[in-house]
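**Student:**
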Amino acid sequence: MIHLSASAEAEIREHGRALYPEECCGALLGTTEADAVRVLEAVPVENARSDSRERRFHIEPEEYRRLEALARERDRDLIGFYHSHPDHPAVPSDYDREHALPFFHYVVLAVSSGEPGEMASFVLSEDRGTFSREDLLPAGPA
Amino acid sequence: MPKVLLPTPLRPYAGGSSSVEVPGATVGEALAALVERHAALERHLFDEGGRLRSFVNVYKNDEDVRYLDREATAVSPQDSLSIVPSIAGGSSPIAVDPVTLSNEEIRRYSRHLILPEVGLEGQKKLKAARVLAVGTGGLGSPLAVYLAAAGVGTIGLVDFDVVDDSNLHRQILFGTSDVGKPKLSVAVRRLKELNPNVEVVPFEERLTSENALEILRDFDVVADGTDNFPTRYLVNDACVLTGKPNVYASIFRFEGQASVFWAAKGPCYRCLYSEPPPPGLVPSCAEGGVLGILPGLLGLIQATETIKLVLGGGESLIGRLLLVDALSMRFRELKLRKNPDCVLCGPRPTVTKLIDYEAFCGIVPEPADAGVPAISVEELAAMRRRGDPFVLLDVREPHEIEICALSGSMRVPLGELTENLHRLSTADEIVVHCRSGSRSAKAVAQLKQAGFRKVRNLAGGILAWADRIDPSVPKY
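If you read the protein sequences in the order shown, they are chains A and B.
Each residue of the first sequence is one higher than the one before, starting from 21 at the first, in my numbering.
Each residue of the second sequence is one higher than the one before, starting from 1035 at the first, in my numbering.
1. From B:Val1152 to B:Gln1205, what distance separates their C-alpha atoms?
2. Between A:Glu154 and chain B, is there a C-beta pair that is closer than 8 Å?
3. Take the Cβ of B:Ile1335 as the centre, count every other Cβ of all protein chains shown within 10 Å, and call the residue buried at 16 or more, exposed below.
4. Tell me the rounded alpha-carbon separation between B:Pro1407 and B:Ala1477.
5. Using alpha carbons as the reference points, say which of B:Ile1409, B:Asp1359 and B:Leu1458 lies closest to B:Asn1491.
6. Could you work out which residues of chain A lie near B:Val1118, taking near to mean beta carbons separated by less than 7 Å?
7. Who are B:Asp1193's beta bridge partners in DSSP?
8. Does the Cβ-Cβ distance between B:Lys1226 and B:Gly1187 come in under 8 Å?
9. Quick one: what's got a C-beta closer than 7 Å to B:Leu1378's C-beta in the same chain, skipping five residues either side?
10. Are B:Lys1217 and B:Leu1250 close, meaning C-beta to C-beta below 8 Å?
11. With 8 Å as the limit, tell me which residues of the segment 1223-1254 of chain B have their beta carbon closer than that to any beta carbon of chain A; keep them in chain order.
12. If B:Arg1164 and B:Asp1254 are in contact, beta carbons under 8 Å, what's the gap, nearest whole angstrom?
13. Any C-beta of chain A sitting closer than 8 Å to the C-beta of B:Ala1402?
14. At which residues does the beta strand (DSSP E) containing B:Arg1487 begin and terminate?
15. Please state the DSSP three-state secondary structure of A:Asp71.
16. Rounded to the nearest angstrom, how far is the Cβ of B:Leu1115 from that of B:Val1109, given a contact under 8 Å?
17. Going straight from the alpha carbon of B:Ser1293 to that of A:Val143, what length do you get?
18. Residues in its own chain within less than 6 Å of B:Glu1463 by CB, not counting five upstream and five downstream?
19. Can you round the beta-carbon distance between B:Leu1328 and B:Gly1290 to whole angstroms, since I take them to be within the 8 Å contact cut?
20. With a threshold of 8 Å between beta carbons, is A:Phe123 in contact with chain B?
21. Given a cut-off of 8 Å, decide if B:Leu1149 and B:Ile1140 are closer than it, judged by their beta-carbon atoms.
22. Can the beta-carbon of B:Leu1191 be found closer than 8 Å to that of B:Val1234?
23. Taking the alpha-carbon of B:Phe1365 as reference, which of B:Pro1230, B:Thr1265, B:Arg1354 and B:Ser1472 has the nearest alpha-carbon?
24. Verify the CB distance criterion: does A:Glu31 have a CB-CB separation below 8 Å to chain B?
25. Of the choices B:Ala1500, B:Glu1367, B:Asn1454 and B:Ile1341, whose alpha-carbon is the least far from that of B:Ile1189?
26. Taking the continuous alpha helix (DSSP H) assigned at B:Ile1496, which residues delimit it?
27. Could you say if the segment 118-136 of chain A and the segment 84-94 of chain A meet the contact criterion of at least three C-beta pairs nearer than 8 Å?
28. Check whether the Cβ of B:Glu1151 lies closer than 7 Å to any heavy atom of the ligand MG, and answer yes or no.
29. Could you give the C-beta distance for A:Glu61 and A:Gly50, rounded to a whole number, given that I count them as a contact under 8 Å?
30. If you draw a straight line from the alpha carbon of B:Cys1395 to that of B:Ser1472, how long is it in whole angstroms?
31. Assuming A:Ala130 and A:Pro112 form a contact by the criterion Cβ under 8 Å, report the distance between their Cβ atoms to the nearest whole angstrom.
32. Would you kindly check if the distance between the Cβ of A:Arg37 and the Cβ of A:Gly137 is under 8 Å?
33. Anything in the segment 1373-1392 of chain B with a Cβ closer than 9 Å to a Cβ of chain A? List those residues in chain order, please.
34. Can you tell me whether DSSP reads A:Leu156 as helix, strand or coil?
35. Please tell me whether B:Val1216 has its Cβ less than 8 Å away from any Cβ of chain A.
36. Cα-Cα, which of B:Ile1285, B:Gly1348 and B:Tyr1267 is closest to B:Glu1309?
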């Protein structure tokens, strides 16, 4: 289960709309507690792909290191990543699963004809075999 | 010993620690020692072939080992190795295996799911299916709409045209506000709106001998919705060479025909028509007209056959040619047999790769009116203004003249020209026109042959006249 703050959700939707028909991507920063994972902030990241940007995104390792440092600086955890699926439902592709890591939460936003739509969150199983959908809820009182 | 620093997501697999000291003189040895100690890390770092996963990057101190000696990079006990993921993902292609249906899809396809002949299994087959529609015109429009609605998972579309007013009476993918827009961008939007579960793959290009095999490669079934012989032979040949079924239909005025050509199980298009008709014998929709509903009827026969091929049930049109006459509303059927001497799908083929289909169909690249003297619509307008003496001959059909005509013209349909030559004088200056300039070019050639010298073709026909001289003349 993952809680998404209203500002993080708005940020992701706006990013998806702005970059349509290309994919947008970014990092999720927040807090991890025993009972809940809370995303407090969505940090937009430049898609490092030079080709197929409407079907693929890539965040370079240097950028990953910067995001970990940013999370530390703000006293938050790097919880996961988000990206959009332009004209495609909010379901993970095999490509998403193959490139996923356990622990992280992967939020996918469907953007249909430029309009942000369904948003869903996925986590990778321990055996890497399945990428399962988890509940995505608005952040409760912090 | 060198130290390996782990990213947050991998720490749980190393007992929660963020760094692990391991022996090793190279990056490869250190990583091998790491997964030996913490076996659960292995599947996240290495793929089934034992190679470092594409998104796993290793840094020696601050340098990416990809730019050093990769896994052979030497490490000393003071070095630290950081494992840094790069993050990647993307929307497609989704090869979900096994195929599953979401609750939304189950609601959407419920009338399919309660048909035993389709059911959950059939609907999953449809979702996994990849169908290529060549052309999004009169046949391709209803075909694509129904395939998308039915839940065919991947629909490829090949077209490079823009939407024209004259498409709207039959090409139901497009609306009035789409005129002038590229067909494919409109089609993708319409189909996704109809069913967002469908992946639509646009190929905004002409299908050619150079790209056909590449475009067909990822599809299971090809549906031919083209309106010309070169592309029809190209689609057929590409399907035979790649072993794919070709769901065929064609239309003319009030009649249509449909079949499924699949060399593995029956005849191909060349078994039926080993050679194309001479160029110009069979007019296109633009030249001959077509009842708007007819491609709907035939396109849906194609959609039905496509879905049956995917589901694997019923009785396919393989080996049968269905003839449809919309005026009498009669459906007839001819039995087709595989031609044992077929140059393409027979046991001794002579056509083993894609050829030049324009040349095969006798289409010469130069325009049909080449060689006949022509004048422009501007020149004609000037002659009329000056009151020059000349005869303006309109060779269109009477029902076309009802739509629009130029005043003062003599009207003789092209097919009746030879028996009306006596109405013309070789002494007169003659300008011949039709709709677009191609029939009138033939008329000019006939007149020249008959001894007329002062005869010229109106280039671009009445369409050019409407464009450049008199916009009140309707274009059809």
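Each residue gets a CB set at the ideal place from its N, CA and C atoms; glycine is no exception.
**Tutor:** Considering the structure as presented:
1. What you label residue 1152 of chain B is simply residue 118 of the second sequence in a count that begins at 1. What you label residue 1205 of chain B is simply residue 171 of the second sequence in a count that begins at 1. Cα to Cα, B:Val1152 sits roughly 28 Å from B:Gln1205.
2. To locate residue 154 of chain A, count along the first sequence from 1; it is residue 134. No, no contact with chain B.
3. Translated into positions along the second sequence, residue 1335 of chain B becomes position 301. Counting Cβ neighbours within 10 Å, B:Ile1335 comes out buried, since at least 16 surround it.
4. Here residue 1407 of chain B refers to the residue found at position 373 of the second sequence. Here residue 1477 of chain B refers to the residue found at position 443 of the second sequence. If you take the alpha carbons of B:Pro1407 and B:Ala1477, they lie about 12 Å apart.
5. Within the second sequence, residue 1491 of chain B is the residue found at index 457, counting from 1. Comparing Cα-Cα distances from B:Asn1491 to each of B:Ile1409, B:Asp1359 and B:Leu1458, the minimum goes to B:Ile1409.
6. Locating residue 1118 of chain B in the second sequence gives position 84, counting from the first residue. Chain A residues near B:Val1118: Pro81, Tyr84 and Arg85.
7. Counting from one through the second sequence, the residue named residue 1193 of chain B turns up at place 159. Paired residues: none, contrary to the question.
8. Residue mapping note: residue 1226 of chain B aligns to position 192 of the second sequence, counting from 1. Residue mapping note: residue 1187 of chain B aligns to position 153 of the second sequence, counting from 1. Not a contact, by the Cβ cut-off of 8 Å.
9. Numbered from 1 along the second sequence, position 344 holds the residue referred to as residue 1378 of chain B. So the qualifying residues of the chain are Asp1271, Val1274, Cys1302, Arg1304 and Val1385.
10. For the purposes of this step, residue 1217 of chain B is identified with residue 183 of the second sequence, where counting begins at 1. For the purposes of this step, residue 1250 of chain B is identified with residue 216 of the second sequence, where counting begins at 1. No, Cβ-Cβ distance for B:Lys1217 and B:Leu1250 is not below 8 Å.
11. Arg1223, Lys1226, Glu1227, Pro1230, Asn1231, Glu1233 and Val1234
12. Within the second sequence, numbered from 1, the residue matching residue 1164 of chain B stands at position 130. Within the second sequence, numbered from 1, the residue matching residue 1254 of chain B stands at position 220. Yes, B:Arg1164 and B:Asp1254 are in contact; Cβ-Cβ is about 5 Å, under 8 Å.
13. Along the second sequence, read from residue 1 onward, the residue named residue 1402 of chain B stands at position 368. Only weak support is given to the placement of B:Ala1402: the predicted model assigns it a pLDDT of 49, under 50, and the value that follows is read from those uncertain coordinates. So, not an interface residue.
14. Counted from its first residue, the second sequence places residue 1487 of chain B at position 453. Per DSSP, B:Arg1487 belongs to no beta strand (DSSP E) and is neither H nor E.
15. For the purposes of this step, residue 71 of chain A is taken as the residue at position 51 of the first sequence. A:Asp71 falls in the coil class under three-state DSSP.
16. As a working mapping, residue 1115 of chain B is identified with position 81 in the second sequence. As a working mapping, residue 1109 of chain B is identified with position 75 in the second sequence. That belief holds up - the Cβ atoms of B:Leu1115 and B:Val1109 are roughly 7 Å apart, short of 8 Å.
17. Stepping through the second sequence from its first residue, residue 1293 of chain B is reached at position 259. Stepping through the first sequence from its first residue, residue 143 of chain A is reached at position 123. Distance between the alpha carbons of B:Ser1293 and A:Val143: 47 Å.
18. Working through the second sequence from its first residue, we reach residue 1463 of chain B at position 429. Excluding residues within five positions, the ones whose Cβ falls inside 6 Å are Phe1424 and Lys1488.
19. Walking along the second sequence from the start, residue 1328 of chain B turns up at place 294. Walking along the second sequence from the start, residue 1290 of chain B turns up at place 256. About 6 Å separates the two Cβ atoms, so the contact holds.
20. As a working mapping, residue 123 of chain A is identified with position 103 in the first sequence. Chain B contact via Cβ: present.
21. Position 106 of the second sequence, counting from 1, holds the residue named residue 1140 of chain B. Position 115 of the second sequence, counting from 1, holds the residue named residue 1149 of chain B. The answer is no: Cβ separation not under 8 Å.
22. As a position in the second sequence, residue 1191 of chain B is number 157, starting the count at 1. As a position in the second sequence, residue 1234 of chain B is number 200, starting the count at 1. Contact flag set, yes.
23. Position 331 of the second sequence, counted from the first residue, corresponds to residue 1365 of chain B. The shortest C-alpha separation from B:Phe1365 is found at B:Arg1354.
24. Mapped onto the first sequence, residue 31 of chain A falls at position 11. No, because no Cβ of chain B sits closer than 8 Å to the Cβ of A:Glu31.
25. The count along the second sequence starts at 1 and reaches residue 1189 of chain B at position 155. Per the Cα distances, B:Ile1341.
26. By one-based count along the second sequence, residue 1496 of chain B stands at place 462. Gly1495 to Arg1502 is the span of the alpha helix (DSSP H), which, as asked, contains B:Ile1496.
27. no
28. Of the ligands one can find in the structure shown there are none, so the ligand MG has no counterpart to examine.
29. By 1-based counting over the first sequence, the position of residue 61 of chain A is 41. By 1-based counting over the first sequence, the position of residue 50 of chain A is 30. That belief holds up - the Cβ atoms of A:Glu61 and A:Gly50 are roughly 7 Å apart, short of 8 Å.
30. Mapped onto the second sequence, residue 1395 of chain B falls at position 361. Mapped onto the second sequence, residue 1472 of chain B falls at position 438. Answer to the nearest angstrom: the Cα atoms are 18 Å apart.
31. Within the first sequence, residue 130 of chain A is the residue found at index 110, counting from 1. Within the first sequence, residue 112 of chain A is the residue found at index 92, counting from 1. That pair is no contact at about 12 Å.
32. Here the question's residue 137 of chain A lines up with position 117 in the first sequence. Here the question's residue 37 of chain A lines up with position 17 in the first sequence. No, these two residues do not count as a Cβ contact at 8 Å.
33. none
34. In the first sequence, counting from the first residue as 1, residue 156 of chain A sits at position 136. In the structure shown, A:Leu156 sits in a strand (DSSP, three-state: E or B).
35. Mapped onto the second sequence, residue 1216 of chain B falls at position 182. The sequence shown places Pro at residue 1216 of chain B, rather than the Val named in the question. False, the Cβ-Cβ gap to chain A never drops below 8 Å.
36. Mapped onto the second sequence, residue 1309 of chain B falls at position 275. Closest by alpha carbon: B:Tyr1267.
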